[in-house]
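Peer 1: Quick one: this structure, given as C-alpha cells, is what I'll be asking you about.
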Amino acid sequence: MKKASQCPLLKVMLEAPRNGVSGTLKKWLDGGNTFDRSDIFYVIMNLRKRKFYFKALQLLEWLEDSKVIDLGERDYASRLDLKSEEVFNKMKDLGFPVTVFAINQLLLLYKRVDKKKIADVLAKMEKENVKPSLFTYKLLVDTKGAIRDIAGMEKVVESMQAEGVEPDLLFQATIAKHYIFAGHREKAEAILESMEGGDIKGNRNACKILLPLYAFLGKKDDVERMWQVCEANPRLDECLSAIESFGRLGDVERAEKVFEDMFATWKTLSSKFYNALMKVYADQNLFEKGKELAKRMDEDGCRLGISTIDSLVKLYVGAGEVDKAESILHKLSKSNKMKPQYSSYLMLLDTYSKKGDIHNSEKVFDQLRQMGYNGRVRQYQLLLNAYVHAKTPVYGFRERMKADNIFPNSVIASLLAATDPFNKKKTLSDMLE
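FYI, the numbering used here numbers position 115 of the sequence shown as 442, with every residue one higher than the one before it.
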C-alpha cells in the first residue's frame, strides 16, 4: 500500500482546506499534473478511511464538472454514498436524533452499492442505541439471503423474534424465496403453509405473493389453486402475478388466457402487463408470438420500455438474428430516449464472444462503457472469451482493467493466461500475483 508521500494527489488532498478543494485541484491541473484513475480510487479510499467524506465528495464532484476523466457507474455510486455520509454526519452535528428511518436509508443504499459497509452501519446503530424496525430486519435478511448465507439469515430472524417484532407477508416471502434458491425446499414449504393460514379464501391478500413462490418450487397444482381463489374477480396485481407464474412453469396457454381475460374487465392495460407476457415468450423462445405481441403493443398505444426491448433482444438472439437484435436495441432505445438494460448488451456480447467475433465484441463492450456500465467483471470476461474463441492474442488487457479499477478473478486470470502472447506457460497463481 502506498503512503501519502508516495501519492502526490493524496498529499495535496490532505493538505487542502476543507472548503478549498476545487481551487486546489484546479491549481494541481494547471501545474501540468494529470489524473490517473487508479490514483483517484486510492485517494478516495484513503479519504474515506480518515473520515474525510466531504473532501472525497468534493473530489468526485470536481472531476464530474471538469470532465477531466469519464466517470463510470461505480464512481456515481461512490458519490451517492459519500453524499449520504455527509448528510448523516450533518444531522448529528446539528443535534438531530439518529432515527431508525435514517439508518434504514443508509442500509438500503449500502445494500445496493457497498454491502461491506452494512456492518459499519449496524455498529453505528448499536452505538446510538437505535432499535431496528421490521424494515431493518427485512433488509438484513435479504442481504444475507442474496449471498446464500442461510445461517446468517436465520440468526437475523431469531434476533427479530427475540425483540418481539412480528413478520408480515412480504417478510415471510423474502425468507421463503431465499430458502428456495438455496435449495431448502422443506423450510420454504413450511413458510408458505404458514403464509396461507387456515383458509386461503379468507386470506386472499396472500395469493399474489404465494403465486410466484409456488411457481419457483415448480408446484403447478398450488399455483392453480391460488389462482382459482382470484380468477372469478381478479385484481390487477393478481393477474400480473399469475401471468408471470404460469409463464415460469412453462404453461404459456394459461398465461395467455389470464392476459386475454383481463380485457373483459379492463378495456385498456398498461405496458407492464404486455411486458409480462412478452417475457414469457422470450423465456420460452417463442419468436413469432413475441413479434406479434410487439406489433399489438404498438397498435394499442403501449410504450415499448426497456424490459420490452430486453425481451425482444432475447427473442432475436435466440432465433439466431443477432444483428437484428442489435439494431432493435439501438433504434428503440434511441427513439424512446432511454438507457437499455445491462442484460440486453450482455446477451449481444455473449453471442459475439462465442462466435469469436472480436470486432463486434469490442463494439458492444464500448457501448456498455458509453452507457456507464463499466465497473462489472462479467463484460471483461466475455470480451476475453471472444479472443479465446478467435484464438487471437490480446495485448494490454490487464492495463485496461486496471484503468477501470477492475481486478481479475480466477476465471479472468486463466483467460488472460490463455491469451497472453508472451508468457503462455504462466501458472494461474502467477497470474493472481
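Where is the CB? At the ideal position from N, CA and C, for every residue including glycine.
1. Quick one, are the C-beta atoms of VAL715 and THR678 less than 8 Å apart?
2. Within the chosen definition, does the region 435-452 reach the region 475-483 through at least 3 CB pairs nearer than 8 Å?
3. With distances taken Cα to Cα, identify the nearest neighbour of LEU639 among GLU626, LYS664, TYR601.
4. From ARG375 to LEU673, what does the alpha carbon distance come to, in whole angstroms?
5. What's the gap between the Cα of ARG630 and the Cα of LEU656?
6. Given VAL556, which residues of its chain have a CB within under 7 Å of its CB, disregarding the five upstream and five downstream residues?
7. Could you tell me the alpha carbon to alpha carbon distance between LYS658 and GLY628, rounded to whole angstroms?
8. What span of residues does the alpha helix (DSSP H) with HIS511 cover, start to end?
9. In angstroms with no decimal places, state the Cα-to-Cα distance between LEU540 and PHE586.
10. Is ALA343 helix, strand or coil by DSSP?
11. How would you label ASP549, buried or exposed, when you count the other beta carbons within 10 angstroms and need 16 or more for buried?
12. Scan the region 655-704 and note each continuous alpha helix (DSSP H) run of 4 residues or more that stays entirely inside, going in chain order.
13. Decide if the region 504-521 is in contact with the region 484-492; the criterion is three or more beta carbon pairs, one per stretch, under 8 Å apart.
14. Rounded to whole angstroms, what's the CA-CA distance from SER455 to PHE462? Just pull it up for me.
15. Taking its Cβ as the centre, do 16 or more other Cβ atoms sit within 10 Å of LEU497, making it buried, or is it exposed?
16. So, GLY647 versus GLN611, is the Cβ gap smaller than 8 Å?
17. According to DSSP, simplified to helix, strand and coil, what is GLY323?
18. Can you grab the Cα-Cα spacing for the pair VAL427 / TYR464, in whole Å?
19. So the candidates are PHE734, GLU726, ILE536, ARG575; which of them puts its Cα closest to the Cα of GLU702?
20. Over the uninterrupted alpha helix (DSSP H) stretch that includes VAL457, give me the two end residues.
21. Exposed or buried, which one is ARG525 when buried takes at least 16 other CB atoms within 10 Å?
22. If I'm right that LEU743 touches PHE724 with Cβ under 8 Å, what's the distance once you round it to whole angstroms?
23. Report the residue from LEU642, ASP564, ALA450 whose alpha carbon sits nearest the alpha carbon of GLU619.
Peer 2: On the basis of the coordinates in this document:
1. As a working note, residue 715 is residue 388 in the sequence shown. As a working note, residue 678 is residue 351 in the sequence shown. No. Outside cutoff.
2. no
3. Walking along the sequence shown from the start, residue 639 turns up at place 312. Of GLU626, LYS664, TYR601, the residue nearest in Cα terms is TYR601.
4. By 1-based counting over the sequence shown, the position of residue 375 is 48. By 1-based counting over the sequence shown, the position of residue 673 is 346. Spanning the two alpha carbons is a distance of roughly 33 Å.
5. Here residue 630 is taken as the residue at index 303 of the sequence shown, counted from 1. Here residue 656 is taken as the residue at index 329 of the sequence shown, counted from 1. ARG630 and LEU656: Cα-Cα distance of roughly 15 Å.
6. Within the sequence shown, residue 556 is the residue found at index 229, counting from 1. Correct list, in chain order: ILE527, LYS528, ARG531, CYS534.
7. To locate residue 658, count along the sequence shown from 1; it is residue 331. To locate residue 628, count along the sequence shown from 1; it is residue 301. Cα-Cα distance, rounded: 18 Å.
8. On the sequence shown, residue 511 is found 184 positions in, with the first residue counted as 1. Counting along the chain, HIS511 falls outside any alpha helix (DSSP H), and DSSP gives it neither H nor E.
9. For this step, residue 540 is matched to residue 213 along the sequence shown. For this step, residue 586 is matched to residue 259 along the sequence shown. Distance between the alpha carbons of LEU540 and PHE586: 20 Å.
10. Here residue 343 refers to the residue found at position 16 of the sequence shown. It is coil, neither helix nor strand.
11. Against the sequence shown, residue 549 aligns to sequence position 222. Buried: at least 16 other Cβ atoms inside 10 Å.
12. 669-682, 685-697
13. no
14. By one-based count along the sequence shown, residue 455 stands at place 128. By one-based count along the sequence shown, residue 462 stands at place 135. Correcting the residue identity first, residue 455 is Glu in this sequence and not Ser. Approximately 18 Å between the Cα atoms of the pair.
15. For the purposes of this step, residue 497 is identified with residue 170 of the sequence shown, where counting begins at 1. Result: exposed.
16. Within the sequence shown, residue 647 is the residue found at index 320, counting from 1. Within the sequence shown, residue 611 is the residue found at index 284, counting from 1. The answer is no: Cβ separation not under 8 Å.
17. The first residue shown for the chain is 328 and the last is 760, placing residue 323 beyond what the model contains.
18. As a working mapping, residue 427 is identified with position 100 in the sequence shown. As a working mapping, residue 464 is identified with position 137 in the sequence shown. Computed Cα separation, rounded: 11 Å.
19. For the purposes of this step, residue 702 is taken as the residue at position 375 of the sequence shown. First, the residue type needs correcting, since residue 702 is Gly and not Glu in the sequence shown. Minimum Cα distance to GLY702 is reached at PHE734.
20. One-based indexing of the sequence shown puts residue 457 at position 130. Per DSSP, VAL457 belongs to no alpha helix (DSSP H) and is neither H nor E.
21. In the sequence shown, counting from the first residue as 1, residue 525 sits at position 198. Looking at the sequence provided, one finds Gly at residue 525 rather than Arg. When all chains shown are included, GLY525 counts as exposed.
22. By one-based count along the sequence shown, residue 743 stands at place 416. By one-based count along the sequence shown, residue 724 stands at place 397. About 6 Å; that satisfies the 8 Å criterion.
23. Taking the sequence shown and counting its residues from 1, one reaches residue 619 at position 292. Among LEU642, ASP564, ALA450, the Cα nearest to that of GLU619 is on LEU642.
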